[in-house]
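Residue numbers (this note's numbering), protein chains in the order written: chain A, 169 to 288; chain B, 169 to 288. We treat Cβ as the ideally placed atom computed from N, Cα and C, and that holds for glycine. The structure presented is a predicted model; accordingly, all values stated were derived computationally and were not measured.
Number of protein chains: 2
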Amino acid sequence: MTLVKENSTWNFNKELSMQACPVSFVMNKIGGHWKPIILYQLMSGAKRYSELKRAIPTITEKMLIQHLKQLQADGLVIRTAEPVVPPHVIYQFSPRGESLKPVLNAIAAWGYEQWSSDGI
Amino acid sequence: MTLVKENSTWNFNKELSMQACPVSFVMNKIGGHWKPIILYQLMSGAKRYSELKRAIPTITEKMLIQHLKQLQADGLVIRTAEPVVPPHVIYQFSPRGESLKPVLNAIAAWGYEQWSSDGI
DNA sequence: ATAGCTGCTTACTTAAGGGTAAGTACTTGT
DNA sequence: ACAAGTACTTACCCTTAAGTAAGCAGCTAT
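Right under this line is the structure:
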């Protein structure tokens, strides 16, 4: 995983923000370019790695696996691997991830509204 | 403002995502490192530039003004300047920004919940 | 007259995130 | 023997976001 300089100003600010602003805290878990897209896909149910890849054609394998791992580390998704060949791995929301669904739906609903009311 | 290469892969993907995923669309408006923090401050009412600066001690003026401008451009905040010396400029939610409040509250609520249930 | 307040702007540097492309392990189908 | 499928991993580079530091305009209080 990308290594991060422990004492960079940026890291310091990030920590501070996460402690001071609950919205920042959440953005750190579900924000960024790819996480919303992955989470959105998982909202319709468990998916295997290759399904996600196909569902999000523009994502690279590196990004997909990197963010899945992060979501796992944050306790939002669960990875289940069946020891068969070829491998069969599924990703799905954990209970904590499930509790995010209403939030994601609220976000998406606002997005749809704005989107239709002013074009892209 | 920062100029952006029109045809970069990243830009292309970003456009695609915003069209395909409503959550991404919203993240592009309110995500990133500083926007959530600024929006959170504005939720408690109109603030002048210097108040925001003091309320968010670790933000640089460059970041503050840059994101305020972006939020303005996205129609989420309104800037009002009184032509006095020293200048007096206030920033507040537009009606569209107001409509975001429930969403931000939902996000914050989830954040608080998670935060208390597993430490930072 | 000089420092201070306010709300910015600019030029430059660094750090983080993302993209490209290749490789790995292990088995089934041909 | 070799291609194909699955789920990754790795090394390297480029783009974008953020940080640093300085300056400006215009008035006011010392």
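{"query": "Within 10 Å of its beta-carbon, does B/Gly213 have 16 or more other beta-carbons around it, so buried, or fewer, so exposed?", "result": "exposed"}
{"query": "What's the C-alpha gap between A/Thr170 and A/Val257?", "result": "Any reading at A/Thr170 must be qualified, since the residue scores a pLDDT of 48, below 50, and its modelled position is unreliable; the value itself is stated next. Each residue's alpha carbon lies about 23 Å from the other."}
{"query": "Measuring only between beta-carbons, confirm whether A/Asn241 sits less than 8 Å from chain B.", "result": "It is Ala, not Asn, that sits at residue 241 of chain A in the sequence shown. It does not: the Cβ of A/Ala241 has no partner Cβ on chain B nearer than 8 Å."}
{"query": "Return the Cβ separation of B/Ser176 and A/Ile205 in integer angstroms, given the expectation that the two are a contact with Cβ distance under 8 Å.", "result": "About 18 Å separates the two Cβ atoms, so there is no contact after all."}
{"query": "Relative to the C-alpha of A/Trp202, which candidate in A/Thr228, A/Leu268 and A/Ser192 has its C-alpha closest?", "result": "A/Thr228"}
{"query": "Give me the Cα-Cα distance between A/Pro255 and A/Tyr217, rounded to the nearest whole angstrom.", "result": "10 Å"}
{"query": "Let me know if B/Trp178 comes out buried or exposed under the rule of 16 or more other beta-carbons within 10 Å of its beta-carbon.", "result": "exposed"}
{"query": "Could you give the DSSP three-state label for B/Thr177: helix, strand or coil?", "result": "helix"}
{"query": "From the DSSP secondary-structure annotation, give me the bridge partner or partners of B/Glu250.", "result": "B/His256"}
{"query": "To the nearest angstrom, how far is the alpha carbon of B/Glu219 from that of B/Leu268?", "result": "22 Å"}
{"query": "Relative to the alpha-carbon of B/Gly243, which residue among A/Gln282, A/Gly199 and A/Gly200 has its alpha-carbon at the smallest distance?", "result": "A/Gln282"}
{"query": "Cα-Cα, which of A/Pro251, A/Tyr280 and A/Leu210 is closest to A/His235?", "result": "A/Leu210"}
{"query": "If I measure Cβ to Cβ from B/Ser262 and keep anything under 7 Å in the same chain, skipping five residues before and after, which residues do I get?", "result": "Gly243, Leu244, Val245 and Ile246"}
{"query": "Could you check the C-alpha separation between B/Thr226 and B/Leu207 for me, to the nearest Å?", "result": "15 Å"}
{"query": "Between B/Lys230 and B/Lys197, what straight-line distance do the alpha-carbon atoms span, to the nearest angstrom?", "result": "18 Å"}
{"query": "Taking the straight line between their C-alpha atoms, what separation do you get for B/Lys215 and B/Gly279?", "result": "24 Å"}
{"query": "What span of residues does the alpha helix (DSSP H) with A/Ser212 cover, start to end?", "result": "Premise fails: A/Ser212 is in no alpha helix (DSSP H) and is neither H nor E."}
{"query": "With a cut-off of 8 Å on the beta carbons, I'd call A/Ala274 and B/Ala274 a contact; round off their distance for me.", "result": "5 Å"}
{"query": "Note down, in chain order, every chain B residue with its Cβ under 7 Å from the Cβ of A/Pro204.", "result": "Cys189, Val191, Ser192 and Met195"}
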